[in-house]
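Peer 1: Chains as they are written, first to last, in the numbering used here: chain A, 1 to 209; chain B, 210 to 482.
In this text, a Cβ means the ideal position worked out from N, Cα and C, and glycines have one as well.
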Amino acid sequence: MTGGTKASAGYHLSDTVGQMAPGEYTSGAYTVEAGFQYIYNTFNKFRFVINDPDLAINFGALTPDIGTTASHSISISCPAGHGYQILVRENRPLSILGSGQTIPDTSCNIGSTCTPSSSAIWNSSTSYGFGYNVIGTDINDNPTGIGTSQYFTDISYYRPFSTTAQYVMSENVPVSNHQARVTYKVLISSSQPAGNYTNSINFIAVPNY
Amino acid sequence: MFDISISPSNNEFFIKPGQSYLLAFDIINNSQTTLTLNSSIETWLPKDNKGEITYENAFADPSISFSLNNSDLKLGQTFLAKPNEKKQLVLKIHTTTSTSLKDHYYTFFITQLSPDQTTAKIGAHLIFSTQEKQTASLSIKKFSASPLIKDSFFKPIIFSGTAYNNSSQYSKLTGKLIISKNNLKIQEIIISPDVILGNYSRSIRCADKEANIIPCAINPPFWPGKYTATLTLNSQKPIETQISFFVFPYTVFLVLGIITAIILITMRIKLKK
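1. Distance check for A:H178 and B:P382, CA to CA, integer angstroms please.
2. Would you mind listing the beta strand (DSSP E) stretches within the segment 315-346 of chain B that are 3+ residues and don't spill past its ends, in chain order?
3. Where does A:Y30 sit, in a helix, a strand or coil, going by DSSP?
4. Does the Cβ of B:I366 have 16 or more other Cβ atoms within 10 Å, making it buried, or fewer, making it exposed?
5. Does the beta-carbon distance from B:F337 to B:N219 come in below 9 Å?
6. Per DSSP, which residues does A:G136 bridge with? Please list them.
7. For A:G67, count the other beta carbons within 10 Å of its own beta carbon; 16 or more makes it buried, fewer makes it exposed. Which is it?
8. Less than 8 Å between the CB atoms is what I'm expecting for B:N374 and B:L406, so what's the real figure, rounded?
9. Measuring alpha carbon to alpha carbon, tell me which of A:Q192, A:T137, A:I146 and A:V182 ends up nearest A:T69.
10. Would you check if there are 3 or more beta carbon pairs closer than 8 Å linking the segment 238-245 of chain B to the segment 107-122 of chain A?
11. Round the Cβ separation of A:N196 and A:Y157 to the nearest angstrom and send it over; I've been treating them as touching at under 8 Å.
12. Given a limit of 8 Å on CB to CB distance, which residues of the segment 88-120 of chain A reach chain B?
13. Are there 16 or more other CB atoms within 10 angstroms of the CB of B:T339, so buried, or fewer, so exposed?
14. Give me the chain E residues within the contact set of B:I331, using Cβ-Cβ distance strictly less than 7 Å, ordered along the chain.
15. Check whether the segment 431-439 of chain B and the segment 410-419 of chain B are in contact - that is, three or more C-beta pairs closer than 8 Å.
16. Quick one: grab the DSSP three-state call for B:K479.
17. Mind checking who B:I301 pairs with in its DSSP beta bridge?
18. Taking the alpha-carbon positions, what's the B:T328 to B:Q321 distance?
19. Using DSSP's beta-bridge definition, name the partner residues of A:V88.
20. Distance cutoff 9 Å, beta carbons only. Does B:K311 sit that close to anything in chain A?
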C-alpha cells in the first residue's frame, strides 16, 4: 500500500494505491476512513468548543459594590494550517428588555481605562459595569496565557464587550485542543434598578488563511 | 454546548467569470446534544502578514452569489445536527461575466442558534481568483538572522523574513532555506507552503517534510566561522536572498578573559605585598 500527495505547476493530487476497499464507511457512531486521502481531511479539520452545557451564564442575584464572576471554558483545534482567531461580541449591553435600563459596559478601574480592544486592571469596588477576560489555560485549568496574553495580561485584566467583534485569542501555528477560560464579571452600585438584565454573547472562530 | 468541526477549513481555487464552483464541507456535531445550526457567508480582508483576517470594512462583490446545492437545504436555512452527526453541505459559488477580475476572500460560517445567552459560529475560508492564472511574482524583504551576537554555544540562530507578492493573484509559497559554512551545506529547511495574497506580504515560516511548522532556526553548538544563509523562493524566476554572519565562542573567551583578569589582579596584589 502506498499513497500521498503529488504536485505539479497546475495540479495537486492525493492518492491511495493498494488499499483494500478505500472510502468512507459509517455504522452508528463509528466511521472508517480507509485510504491516505483521509489523513488530509483530518489535518484540514477546524474545531471549536464552548464547554458550557446550557450556553448560559447566570450571575444570580447581584450584591451592590461586590463584583460577581462566572466563567466557562473554550477550546480550539486546527491540527494543520496556519493557526486561528477567536473573536467575541455582544448583541447589546446587559439590559432589561423594553425598559431602557442597562448595566453599562465596564471602563475598568478609574485611571486604568480599558476599551473593547484593550484590557486593563479592574478590581475596584466602585468602578461599575459588565466586562470579561479570556485567559489561556492548560488541561488542568491552570493559567498559561497561551493565545491570550497579547489581549489580557493576567486574570485581573478585563475589557468591556462591544457590538463589534473583538479578538480575544489567536495563534499562528497549528494547535490541538488549546483551551482558555472566559470569565464574565458584573459589578453594580446600590442605585442600579432591580430587574432581569440579559444580553447575548457571540463567539466567532475562524482559521488563519 | 457548542462543539462543531468543519473541514476543509482553508480552500483556494480559480473560477472563470460566468462559471460556478462547487465546494463540499463536512460539518460534524461532536457534542452529545442535537444542535440547531444555519449557514452564512461573509467577506473579509487580510489583517496582517501572519494569515490573520478582519471582517471590518470588507465589502462583498455583488456579482458573486452563493447557494447550497443540497436538495433539502438553502443557505441561511435552519437545520438540525444530531449528536455525532456529520452533515455534508455543498456550497455553490456563482459568478457572472461581469464579475471583476480579481481575488475574492470569503468565510463560510456555520452558526449555532441558541435560545440562551451564548451563541457561536465557526468558519472555513474561501480564497478564489476570477483572474487568468498568473505565474507567481515574489520578492523577499527583511531577511535576517538573530540574535545580533551569535555565540557558538547556548542560543539557536533564528532566521526571519517576509515575502511580498508583486502580482494581483494569490500564490502559495514554496522554497527553501539553506545554511552553509565554507560553501558546504550544513542544513536545508523547507519553506511552509503558506498562501500569500495578491499585492500582500507574508511572514516566512519553515516546515518539516510532513508539513509540520518548525522554527526557521539552527541549533548550537556551532563551529566558529563565517556562515551563509540563502533563502530561495520559487517564483516567475526563482528569487534568492543571502545573508552572512559570523559565529564565535564569545562566552568562552569572555569567561577565560575574566579568569585571566582575576589571576593577574591577584598576582599583582600578592607582588605588592
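Peer 2: Considering the structure as presented:
1. Sequence check: residue 382 of chain B is Leu here, not Pro. Cα-Cα distance, rounded: 27 Å.
2. List check, beta strand (DSSP E) in window: 327-338.
3. With a pLDDT of 47 at A:Y30, under the threshold of 50, the modelled position of that residue is not reliable, and the figure given next carries that caveat. Strand, per DSSP.
4. buried
5. Cβ distance not < 9 Å, so B:F337 and B:N219 don't count as in contact.
6. DSSP lists A:A180 as the beta-bridge partner residues of A:G136.
7. buried
8. 7 Å
9. If we check each option's Cα against that of A:T69, A:V182 comes out closest.
10. no
11. 29 Å between Cβ atoms; not a contact.
12. none
13. buried
14. You won't find chain E in this structure, because its protein chains are A and B.
15. Result no; under three Cβ-Cβ pairs closer than 8 Å.
16. helix
17. Note that residue 301 of chain B is Lys in the sequence shown here, rather than Ile. In the DSSP output, where bridge partners are listed per residue, B:K301 has B:L231 and B:S276.
18. Near 6 Å, if we compare the C-alpha coordinates of B:Q321 and B:T328.
19. A:Q166 and A:F203
20. no
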